[in-house]
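2 protein chains.
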Amino acid sequence: MAVVTRVCFRGGSVGEWRVLRIQTLGGSPLEPVASLNRQERPGPADDGAVWSLHGVTSHQRYVYGREKLQLEAEQAGLGRPKATRAALIPIAKSPAWWDLPQDERRAIFEERSHHISASFKYLPAIARRLYHARELGGPFDFLTWFEFAPEHAGLFDELVAMLRGTEEWRYVEREVDIRLSRSIGPVNR
Amino acid sequence: MAVVTRVCFRGGSVGEWRVLRIQTLGGSPLEPVASLNRQERPGPADDGAVWSLHGVTSHQRYVYGREKLQLEAEQAGLGRPKATRAALIPIAKSPAWWDLPQDERRAIFEERSHHISASFKYLPAIARRLYHARELGGPFDFLTWFEFAPEHAGLFDELVAMLRGTEEWRYVEREVDIRLSRSIGPVNR
């Protein structure tokens, strides 16, 4: 998605998504909350949220032409009625990662970690949206969002375990894995 | 520069840099101002600026390893006492550019437009800093900043003319070229 669209994830006591569990895999945790909202429109500034994470959709940083075509053919959109489970996984990478030149980051990301090619197995069951947050000055570099049906929860566990075993993940300094279940109908597709 | 540092350029009636001329090369112009400040620290919210442009330094998007080493060896820093001329050139690229996959953007940027390799000729005379603005939601994608000595003003004209003739520049939709002369000593190196 090349268009820049702002998102705000608000953790608090009410929201479209009910929190099933929050697991901190690296770095400092996020304060526990019962619910989460993902909002792609400007929202009220003070809605009693315990924490807010801001991000933007942006252009793709590592995807090559042939991969882009395959992704567009195979990936699913957000808001599918059957996709009543979700995960928000905010991630921060190390200064060493950001200091690498583009060709070395691409080589680690895809040629050595197969981030794109190994993920095709999980499409279209797992729908995904990547929000960039590093340049907004927040505590994370990326806010990664996933939606899937309850019967694909195990497949999603397999996907994140696969990614966490890659060379790319050695550069991940902070990671919080928030699993969610839809508490009301989709309002923000 | 992989560190994320915020910058604010404020155009108004007072500032470190005196405006010599403002030329609009594409898209809508910026309101004429007499002076400009470049501030890499949070400044006062209301200082009578006519316009403000916000950006951040960030990691490099297209530079490969060998190019990074050569750039680090040859480029000059900002704030040199002799560099009493400057240019702020804010740029916005088209949606078609941002929708291209990474390999096609790199091919246009360097293999076909030689943005990196053809610029080495202008180092270290022209010092340069790139600020990213697209994901901050402002009117431009990039705020490009250059500093040079008065005797290199012709060399700088040659550099921007070279870039404007490239395939990459076909994707530039808005460009404003602001030439500046230092009115007081450097306060923000």
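Line by line, the protein sequences are chains A and B.
Quick note on our numbering: the first sequence kicks off at 3 and runs consecutively.
Quick note on our numbering: the second sequence kicks off at 3 and runs consecutively.
By construction, the Cβ of each residue, glycine as well, lies at the ideal position given by its N, Cα and C atoms.
The beta carbon of glycine 67 of chain B falls within 8 Å of a beta carbon belonging to chain A, placing the residue at that interface.
Residue burial is scored here from C-beta neighbours: leucine 145 of chain A has at least 16 other C-beta atoms within 10 angstroms and is therefore classed as buried.
If you draw a 10 Å sphere on the C-beta of tryptophan 53 of chain A, you find fewer than 16 other C-beta atoms in it, and that means exposed. Around the Cβ of arginine 114 of chain B, a 10 Å sphere holds fewer than 16 other Cβ atoms; the residue is exposed. Between alanine 75 of chain A and the set A:Gly81, A:Ser185, A:Val35, A:Pro126, the nearest pair of CA atoms involves A:Pro126. The alpha-carbon separation between phenylalanine 150 of chain A and alanine 129 of chain A amounts to approximately 6 Å.
Inter-residue distance for alanine 94 of chain B and glycine 139 of chain A is about 22 Å (C-alpha atoms, whole angstroms). Counting the other Cβ atoms within 10 Å of the Cβ of glutamine 25 of chain B gives fewer than 16, which makes it exposed. Only residues of its own chain outside the window of five on either side were considered, and among them Leu157, Leu161 have a CB closer than 7 Å to the CB of tyrosine 124 of chain A, listed in chain order. Nearest in C-alpha terms to arginine 63 of chain A, of all of A:Arg12, A:Pro103, A:Ala78, A:Leu165, is A:Pro103. The distance from the Cβ of valine 5 of chain A to that of glutamine 41 of chain A is about 16 Å, inconsistent with a contact at the 8 Å cut-off. Identification of chain A residues near proline 97 of chain B by a Cβ-Cβ cut-off of 9 Å yields Ala4, Val5, ordered along the chain. Secondary structure within the region 130-168 of chain B: the beta strand (DSSP E) runs of 3 or more consecutive residues, fully enclosed, are 144-150 (chain order). In its chain, beyond the 5 residues on either side, Ile118 have a beta carbon closer than 6 Å to the beta carbon of glutamate 69 of chain B. In this chain, glycine 29 of chain B is not harboured by any alpha helix (DSSP H), its DSSP state being neither H nor E. Excluding residues up to 5 positions away in sequence, Val35, Ala36, Ser37, Leu38, Ile180, Leu182 lie with their Cβ nearer than 7 Å to the Cβ of valine 21 of chain A in the same chain.
Arginine 136 of chain B and phenylalanine 142 of chain B have their C-alpha atoms some 6 Å from each other. Under the criterion of beta carbons closer than 8 Å, alanine 88 of chain A and phenylalanine 148 of chain A qualify as touching, at roughly 6 Å.
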